[in-house]
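Q: Just so you know, the numbering used here puts the end of the sequence shown at 507, numbered straight through with nothing missing.
Every residue, glycine too, gets a C-beta built ideally from N, C-alpha and C.
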Amino acid sequence: MKKVLFTLVLLSSYVGFSQVQSSDSTKTKKVKVDGYIGFNGNINDNMNLNKKLSNADLPELDSFVPELTFGLNVFGKEYSGDIEFGFLFAKPEKDNNEMKYRGFNTRMRVHYNLVNKEKFAFTTGLSLAYMGSQYDIYSKNNTIDLNDLDPNSNSGHVSFNNQMLYFGPSVSMYLFKKSSFEVKVNAGYEFALTRGRYDSEFGSVLNNIGESGNNRFVFGITLL
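Shown next, in the form of structure tokens:
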């Protein structure tokens with residue numbers, strides 16, 4: 284429910300921003316709106332969870348996690364920005380154990396156009412992102428007895444999740460404007476604003492930790 288409410292807030296804020304830009308630019312130049320798909324790379328500074336995984340001799344999540352994105356980009360005479368949705372997946376393994384990591388990311392950027400030429404633009408501003416992550420750790424040599432499906436008799440699976448809010452500076456470059464192959468390159472550094480403590484749908488979490496210092500560098504490329 285929190286994810287849905289946060290996404291709706293971002294959407295309503297972005298629609299309002301787009302409408303203001305549209306009314307301001309009608310006197311000079313029409314605002315350009317494009318849907319896009321792209322790819323991001325997220326590099327985390329330091330995950331406290333990896334320390335716990337290492338101590339337990341379990342697979343750790345790499346500092347680099349790929350992200351498939353899609354979204355809506357708005358470009359006006361002086362201002363630009365986008366709202367973006369991303370999906371992350373990783374499957375590290377170690378010995379007889381594996382982890383399945385899934386993440387859903389919602390990001391909004393609001394930029395000022397420092398350079399706005401016919402075929403090139405450079406913009407800078409701020410980004411706000413909300414990240415939900417799901418972690419499932421499995422033992423690969425489990426045996427499942429269909430005559431004994433009592434959860435208390437079966438082990439080998441640990442599941443938990445967390446949510447993070449990020450905020451930080453970002454820049455974008457628009458390449459090959461006015462062509463059928465317009466590309467936007469993004470880069471930014473996002474500071475973790477929330478504690479990001481872990482939770483589970485299947486029970487309480489003991490010896491909990493937070494990820495408040497887990498800032499990240501984000502770079503990506505999108506096709507407009």
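Can you check whether the CB of ASN323 is closer than 8 angstroms to the CB of THR352?
A: In the sequence shown, residue 352 corresponds to position 69, counting from 1. In the sequence shown, residue 323 corresponds to position 40, counting from 1. The answer is yes: Cβ separation under 8 angstroms.
Q: Name the residue from VAL454, LYS460, ASP482 whose alpha carbon lies nearest to the alpha carbon of PHE502.
A: Counted from its first residue, the sequence shown places residue 502 at position 219. Closest by alpha carbon: VAL454.
Q: Three or more C-beta pairs under 8 angstroms: does that hold for the region 457-465 against the region 478-497?
A: Contact check between the region 457-465 and the region 478-497: fewer than three CB pairs, one atom from each, fall below 8 angstroms, which does not count as touching.
Q: Could you check what DSSP says for ASN331 in three-state terms: helix, strand or coil?
A: For the purposes of this step, residue 331 is taken as residue 48 along the sequence shown, with counting starting at 1. If DSSP states are grouped into helix, strand and coil, ASN331 belongs with the helices.
Q: Using the beta-carbon count (16 or more within 10 Å), is GLY318 buried or exposed?
A: Here residue 318 is taken as the residue at index 35 of the sequence shown, counted from 1. Exposed.
Q: With a threshold of 7 angstroms on Cβ separation, who are the neighbours of VAL441 within its own chain once the five nearest residues in sequence on each side are excluded?
A: Here residue 441 refers to the residue found at position 158 when the sequence shown is read from its first residue. The answer, listed in chain order, is ILE420.
Q: For LEU355, tell me which candidate among GLN417, ASN333, ARG390 has the shortest Cα-Cα distance.
A: Taking the first residue of the sequence shown as position 1, residue 355 is located at position 72. Checking every option, the nearest Cα to that of LEU355 belongs to ARG390.
Q: Hey, out of ASN396, TYR418, LEU507, PHE500, whose CA is closest to LYS467's CA?
A: Residue mapping note: residue 467 aligns to position 184 of the sequence shown, counting from 1. Measuring from the Cα of LYS467, the nearest candidate turns out to be LEU507.
Q: Using DSSP with H/G/I as helix, E/B as strand and the rest coil, what is ASN338?
A: By 1-based counting over the sequence shown, the position of residue 338 is 55. Here ASN338 sits in helix by DSSP.
Q: Starting from LYS377, follow its DSSP beta bridges and name the residues at the other end.
A: The residue you call residue 377 lines up with position 94 of the sequence shown. Among the bridge pairs identified by DSSP, LYS377 is matched with ASN380.
Q: Give me the Cα-Cα distance between ASN379 and ILE427, rounded to the nearest whole angstrom.
A: Taking the first residue of the sequence shown as 1, we reach residue 379 at position 96. Taking the first residue of the sequence shown as 1, we reach residue 427 at position 144. Taking the CA atoms as reference points, ASN379 sits about 16 angstroms from ILE427.
Q: If you draw a straight line from the C-alpha of LEU371 to the C-alpha of LYS400, how long is it?
A: Stepping through the sequence shown from its first residue, residue 371 is reached at position 88. Stepping through the sequence shown from its first residue, residue 400 is reached at position 117. Roughly 34 angstroms separates the two Cα atoms.
Q: Among the residues of its own chain, which have a CB less than 8 angstroms from the CB of ASP431, if the five just before and after it don't count?
A: Against the sequence shown, residue 431 aligns to sequence position 148. If the five residues before and after ASP431 are omitted, its C-beta is found closer than 8 angstroms to the C-beta atoms of ASN437, all from its own chain and listed in chain order.
Q: How big is the Cα-Cα spacing for GLN304 and VAL316?
A: Position 21 of the sequence shown, counted from the first residue, corresponds to residue 304. Position 33 of the sequence shown, counted from the first residue, corresponds to residue 316. Its pLDDT being 48, under 50, GLN304 is placed unreliably by the model, and the measurement read from it follows with that caveat. Their Cα atoms are separated by approximately 11 angstroms.
Q: May I ask you to report which of helix, strand or coil DSSP gives SER508?
A: Nothing can be reported for residue 508, as the shown portion of the chain is limited to 284 through 507.
Q: Reducing DSSP to helix, strand and coil, say where ASN491 ends up.
A: Walking along the sequence shown from the start, residue 491 turns up at place 208. Reduced to three states, the DSSP call for ASN491 is coil.
Q: Please report the distance separating the alpha-carbon of LYS334 from that of MET382.
A: Stepping through the sequence shown from its first residue, residue 334 is reached at position 51. Stepping through the sequence shown from its first residue, residue 382 is reached at position 99. Approximately 15 angstroms, taken between the alpha carbons.
Q: If you draw a straight line from the alpha carbon of TYR449 to that of ALA339, how long is it in whole angstroms?
A: Stepping through the sequence shown from its first residue, residue 449 is reached at position 166. Stepping through the sequence shown from its first residue, residue 339 is reached at position 56. Counting only the Cα atoms, ALA339 lies some 29 angstroms from TYR449.
Q: For LYS374, tell me which candidate among SER410, LEU397, PHE347 has the shortest Cα-Cα distance.
A: Taking the sequence shown and counting its residues from 1, the one referred to as residue 374 is at position 91. For LYS374, the nearest C-alpha among the options comes from PHE347.
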